[in-house]
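Engineer: This is the structure I want to talk about, given as structure tokens.
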Amino acid sequence: MVATTFAADTPNLVAGIVRDTGVAGNWEWWAFLLTGMLTVFFYARLWRRSGVTTDLEFYELRYQGKSAAFLRGFRAIYLGVIFNIIIMATVCLAAIKIGNVMFNFTAGETLWIASIVTVLYSLLGGLKGVLITDFIQFIIAMVGSIWLLCTF
């Protein structure tokens, strides 16, 4: 999950947080590590025992009737549409900025190239290919971050 949430916008976000609030500002995103670990080590066993695959299935078990239907609909629209649009927009904006600075690409050129590359490796490798690519990109990002840390 860490590799999947590490996109082109992540270094820009972290650099902005550190610039504005100092190194202590990293706790804005480090806090998610604590809840993620709690989820893995405490709730995963309960989740598996309930026999559900998605959070919406869990809500089906926990809540009944119209309130469950409303919650499912709200989460589907909020997380599936609104939240995903915001996340994709921030990743695209970061890619545009990086493409412009590093390669002097226009916004359109950057989006076309990034879209074609993403669709190609998704089609060629499927979910397994995406997972492998996420892993490789995470390793590259970590090595680059550590290298930058050591050079300054």
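Using the working numbering, the letters of the sequence shown correspond one by one to residues 990 to 1141. Just so you know, even glycine gets a beta-carbon here, dropped at the ideal spot from N, CA and C. Source: prediction; values computed, not measured.
#1: How about Tyr1052 and Leu1060: are their beta carbons less than 8 Å apart?
#2: Among the candidates Leu1027, Ala1083, Ile1121, Thr1010, whose CA atom is the shortest distance from the CA of Leu1100?
#3: Considering only C-alpha positions, which residue in the set Trp1136, Ile1076, Thr1140, Ser1111 is nearest to Ala997?
#4: Between the alpha carbons of Ala992 and Thr1028, how many angstroms are there, rounded?
#5: Is Arg1064 near Leu1045, with beta carbons less than 8 Å apart?
#6: Mapping DSSP to helix, strand and coil, what is Tyr1032?
#7: When you compare each of Val1012, Lys1086, Gly1133 to Asn1001 by their alpha carbons, which one comes out closest?
Structural biologist: Working from what's here:
#1: Reading the sequence shown from its first residue, position 63 is the one you call residue 1052. Reading the sequence shown from its first residue, position 71 is the one you call residue 1060. Result yes, Cβ atoms of Tyr1052 and Leu1060 sit closer than 8 Å.
#2: As a first step, residue 1100 must be located in the sequence shown, where it is residue number 111. Out of Leu1027, Ala1083, Ile1121, Thr1010, Ala1083 has the C-alpha closest to the C-alpha of Leu1100.
#3: Taking the sequence shown and counting its residues from 1, one reaches residue 997 at position 8. Checking every option, the nearest Cα to that of Ala997 belongs to Ile1076.
#4: Against the sequence shown, residue 992 aligns to sequence position 3. Against the sequence shown, residue 1028 aligns to sequence position 39. Low per-residue confidence applies at Ala992: pLDDT is 49, beneath 50, and the placement is therefore not dependable enough to give any value.
#5: In the sequence shown, counting from the first residue as 1, residue 1064 sits at position 75. In the sequence shown, counting from the first residue as 1, residue 1045 sits at position 56. For Arg1064 and Leu1045, yes; Cβs fall inside 8 Å.
#6: Mapped onto the sequence shown, residue 1032 falls at position 43. In this structure, Tyr1032 counts as helix in the three-state DSSP scheme.
#7: The residue you call residue 1001 lines up with position 12 of the sequence shown. Selected option, being the one with the closest Cα: Lys1086.
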